[in-house]
Structure formats: C-alpha cells, structure tokens
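Asks:
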Ligand SMILES: Nc1ncnc2c1ncn2[C@@H]1O[C@H](COP(=O)(O)OP(=O)(O)OP(=O)(O)O)[C@@H](O)[C@H]1O
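Residue numbers (UniProt numbering): 1 to 261.
(1) Less than 7 Å between C-beta atoms, sequence neighbours within five positions excluded: which residues of the same chain meet that for residue 15?
(2) Quick one: what does DSSP say residue 100 is sitting in, helix, strand or coil?
(3) Give me, in chain order, the residues of the same chain whose beta-carbon lies closer than 8 Å to that of residue 117; leave out the 5 immediate sequence neighbours on both sides.
(4) Which one of 95, 143, 55 has the shortest CA to CA distance from residue 131?
(5) Could you name the residues of the same chain whose beta carbon sits closer than 8 Å to that of residue 73, not counting the 5 residues immediately before and after it, in chain order?
(6) May I ask you to check if the CB of residue 27 is nearer than 7 Å to at least one heavy atom of ligand 1?
(7) What does a CB cutoff of less than 7 Å around residue 75 pick up in its chain, not counting 5 residues either side in sequence?
(8) Since residue 146 and residue 100 should fall inside the 8 Å C-beta cutoff, what is the C-beta to C-beta distance between them, to a whole number of angstroms?
(9) What is the DSSP secondary structure of residue 195, reduced to helix, strand or coil?
(10) Just list the beta strand (DSSP E) runs in the region 122 to 202, keeping only unbroken ones of 3 residues or longer that don't cross its boundaries, in chain order.
(11) For residue 216, tell me which candidate among 134, 54, 186, 43 has the shortest Cα-Cα distance.
(12) So who's on the other strand from residue 73, going by DSSP bridges?
(13) Return the first residue and the last residue of the beta strand (DSSP E) that residue 49 is part of.
(14) Taking the CB atoms as reference points, tell me whether residue 193 and residue 56 lie closer together than 8 Å.
(15) For the beta strand (DSSP E) holding residue 44, just list the boundary residues, first then last.
(16) At a cut-off of 7 Å, is residue 58 close to ligand 1 when judged by its beta-carbon and the heavy atoms of the ligand?
(17) Is residue 115 near ligand 1 - that is, is its Cβ less than 7 Å away from at least one heavy atom of it?
(18) What are the boundary residues of the beta strand (DSSP E) that includes residue 35?
(19) Run through DSSP, which three-state label would residue 17 get?
(20) Taking C-beta to C-beta, are residue 202 and residue 241 nearer than 8 Å?
(21) So, is residue 239 buried or exposed, given that buried needs 16 or more other C-beta atoms within 10 angstroms?
(22) Find the nearest neighbour of residue 127 within the set 40, 90, 113, 97, judged by alpha-carbon distance.
(23) Taking only the alpha-carbon atoms, compute the straight-line gap between residue 141 and residue 167 and give it to the nearest angstrom.
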C-alpha cells in the first residue's frame, strides 16, 4: 500500500512581474516528497530554488498548478512547517534564549518547559554559553546556529531550509549536518533543503532535485542510495559527485565565457 506523499507538487508555474514585464521563473514543476524524506534542491544561482521552497512553505502564490501538504492545498504558511531563512530572521532586541523560545510561542508547554526545550536545542548547536547574548554580539555562523535551534525547537513535521549551513565554517557545518540527520531520524522530520553545495546534498539527502534554469525546471531527480553514515571520501560518494557534475555540464546551454574575471 502506498502512503499519500507529505508534499505533492503538480504542474507548477510561477512568474514574477518586473518593470511591467512578466518573467517565468519556474516551469512545469512536478514531484512528490514522502514523509520522513530529506530532499535537496540543487541548482545554479537564479534557477528558482528559493522561490520553489517559498511556494512549498506557502509564502508565495503560484500562477498555475498546485501544492498539497498532507492532502491539503497550501495557501499560506502552516505551523506544521518551519522555514529557516537565509538571513536568520533573529529579533535583535531579544536574547539568544528568548529568540529560541519564540519558536514555542504557540505551544502549550509551561514557561519552564519552554525554557528547558530551548536550552536543549541551544546545547545541541553548541551555544549553551551564549544564551544571554544578543544577536549582534554573535558571529554570523553563531547567529545561524541560533536560527537553526529556533527552527528545531518546534519539532516541525516539515523543515524547509534555505542554504542553512552556508555561513558556517567546515567543522560547524559537518557537525550540524550530522545533528540534522540525528534529529531527522529521531523525529522522522521531513526536510527540504536548498543548497549550492553538491557534497551537502549528497551527504544529507534521500533524493536530490537537480534544477536547470531559464526558466527554472527540474532537470533530474537523483536517488542517493547510500547507507548512513555516509563517507565523504568513499567511492560511492565520488560516484554521485561525478554524476551531478556531469549533469551540470550537460545543463550548460551556452559555452562558458573565457577570461570573464
Ligand atoms: N520577489 C521577486 N520579484 C521579482 N523577481 C524575483 C523575485 N524573487 C526572485 N525573483 C527572480 O526569480 C528568479 C529565481 O530567484 P530565486 O531566488 O528563487 O533563485 P535561487 O535559485 O534561489 O537563487 P540563489 O541560489 O542565488 O539564491 C531570479 O531571476 C530572481 O531574480
């Protein structure tokens, strides 16, 4: 018996109006996301990755097609899904702890339970000694970790992440990628992740949606059939790297410009 997908996207088109001219940004997008899956959306800058993520989260409206979340049409953001934005979205006047507790604003937990849960996720992202700091007193990478803690504290059904680890150094990135996998397996959270990083997509994903551009479209959906924990230096990993790189070279419609610095 096939379970209903958590997300169903069919015949999706999206355009933006710029200076009175309409530009088609996403063309005929079709795919499903199963409950508990981690799916990366990978593609070159401007191919419409963030737009697609925003549509899934109910932050944008489409021209044509539809998106279902657990069988219901997505028309606006839901509390069952959380979006982790590129620009962190922290409130500068609230401490780190209070920013994370904000994620639990609508929860029925007691004040102390909220605090304990927020502290649990702050420990997880390695910021237990910064709970009383304000965002401006933290580095960009630390601010990103606060935003990650705030998204995770809600323990959402669907976690949407737009370049979540882009601002982090390699060690923190690897560490948080592992934490994300742990959370995913513990809570069976469904994750949709936008990334430019081929290794990140291979390391984290069950499937990778490879997008082409002008207009944004799905070029290929790649299933990553490697068991966890994945080894970045293994032959299997290298195999997927080569497949994806090849996919992007094949996707280049114009010859590269030489000496374009
Ligand atoms: N609000 C908007 N109004 C007009 N055009 C927009 C808007 N948002 C995005 N676009 C255009 O839509 C296209 C896709 O943008 P989007 O941000 O989704 O791409 P992306 O693949 O996420 O890029 P990047 O990797 O650089 O973040 C781009 O041409 C962009 O200029």
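Note that CB positions come from ideal geometry on N, CA and C, so glycine has one too.
Note that the structure is predicted; figures quoted are calculated from it, not measured.
Replies: In short:
(1) Within the chain shown, the letter at position 15 stands for residue 15. Same-chain partners within the cutoff: 22, 23, 24, 25, 63.
(2) Here residue 100 corresponds to residue number 100 of the chain shown, with the count starting at 1. Residue 100: helix per DSSP, three-state reduction.
(3) Locating residue 117 in the chain shown gives position 117, counting from the first residue. Contacts found: 104, 109, 153.
(4) In the chain shown, the residue the question calls residue 131 occupies position 131. Cα-wise, what sits closest to residue 131 is 95.
(5) Reading the chain shown from its first residue, position 73 is the one you call residue 73. Within the same chain, residue 73 has close Cβ partners 66, 67.
(6) To locate residue 27, count along the chain shown from 1; it is residue 27. The answer is no for residue 27.
(7) As a working mapping, residue 75 is identified with position 75 in the chain shown. Once the five neighbours on either side are set aside, the close Cβ partners of residue 75 are 58.
(8) Counting from one through the chain shown, the residue named residue 146 turns up at place 146. Counting from one through the chain shown, the residue named residue 100 turns up at place 100. Going by Cβ atoms, the distance from residue 146 to residue 100 rounds to 7 Å, so yes, they are a contact pair.
(9) For the purposes of this step, residue 195 is identified with residue 195 of the chain shown, where counting begins at 1. Looking at residue 195 - three-state DSSP - the assignment turns out to be strand.
(10) 158 to 162, 190 to 195
(11) Sequence index remark: in the chain shown, residue 216 carries index 216 (1-based). That would be 43, whose Cα lies nearest to the Cα of residue 216.
(12) By 1-based counting over the chain shown, the position of residue 73 is 73. DSSP, once it has assigned bridges, lists 68 as partnering residue 73.
(13) What you label residue 49 is simply residue 49 of the chain shown in a count that begins at 1. No beta strand (DSSP E) contains residue 49, which is instead part of the alpha helix (DSSP H) from 49 to 56.
(14) Position 193 of the chain shown, counting from 1, holds the residue named residue 193. Position 56 of the chain shown, counting from 1, holds the residue named residue 56. Cβ distance not < 8 Å, so residue 193 and residue 56 don't count as in contact.
(15) Position 44 of the chain shown, counting from 1, holds the residue named residue 44. It is not in any beta strand (DSSP E) - residue 44 carries neither H nor E in the DSSP assignment.
(16) In the chain shown, residue 58 corresponds to position 58, counting from 1. Answer for residue 58: no, Cβ out of range of ligand 1.
(17) On the chain shown, position 115 is the one that residue 115 refers to. Every heavy atom of ligand 1 is 7 Å or more from the Cβ of residue 115, so no.
(18) Translated into the one-based positions of the chain shown, residue 35 becomes position 35. No beta strand (DSSP E) holds residue 35; DSSP gives it neither H nor E.
(19) Looking up residue 17 in the chain shown gives position 17. Residue 17 falls in the strand class under three-state DSSP.
(20) Translated into positions along the chain shown, residue 202 becomes position 202. Translated into positions along the chain shown, residue 241 becomes position 241. Yes, these two residues count as a Cβ contact at 8 Å.
(21) For this step, residue 239 is matched to residue 239 along the chain shown. Residue 239 is exposed by the Cβ-count criterion.
(22) Here residue 127 refers to the residue found at position 127 of the chain shown. Of 40, 90, 113, 97, the residue nearest in Cα terms is 97.
(23) As a working note, residue 141 is residue 141 in the chain shown. As a working note, residue 167 is residue 167 in the chain shown. Their Cα atoms are separated by approximately 5 Å.
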